[in-house]
Amino acid sequence: MSTFKIKKGDTVKVIAGKDKDKEGKVVSVDRKNGKVLVEGVNMITKHEKPSAANQNGGIVQKEAPIDASNVMYVHKGKVTRIGFKFENDKKVRFAKSTGDIID
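Using our numbering, read the sequence shown as starting at 145 and increasing by one per residue.
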């Protein structure tokens with residue numbers, strides 16, 4: 145994917161998979177593999193050994209990456225596609241449904 149339209153901090157809605165229709169904030173973006181980590185979505189159970197950070201170890205719930213194609217940007221409470229355009233010689237993202245500039 146040449147241009148990645150989802151960025152860290154964006155609010156997105158899951159449009160496919162077991163967590164369909166859930167919304168959350170993007171925690172991190174993996175451009176190389178085309179994955180995003182969304183807060184509270186695609187939770188997995190992981191068994192961890194005791195370590196300095198986690199004294200007891202045990203079973204931990206954490207988010208797993210989800211494919212970027214399975215999420216859509218939320219703008220003013222509605223999902224929208226994202227486009228790029230130039231404003232004052234600067235490339236900016238805009239919501240295709242309303243035409244508003246995102247950042």
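By construction, the Cβ of each residue, glycine as well, lies at the ideal position given by its N, Cα and C atoms.
Quiz item: With a CB to CB cut of under 7 angstroms and the five nearest residues on each side skipped, what residues in its chain are close to residue 186?
Solution: 163, 207, 208, 210
Quiz prompt | As assigned by DSSP and simplified to three states, the class of residue 195 | solution = coil
Quiz item: Quick one: any contact between the stretch 214–228 and the stretch 153–160, if contact means 3 or more CB pairs under 8 angstroms?
Solution: yes
Quiz prompt | Opening and closing residue of the beta strand (DSSP E) in which residue 155 lies | solution = 155–158
Practice problem: Could you check the C-alpha separation between residue 247 and residue 150 for me, to the nearest Å? | Solution: 12 angstroms
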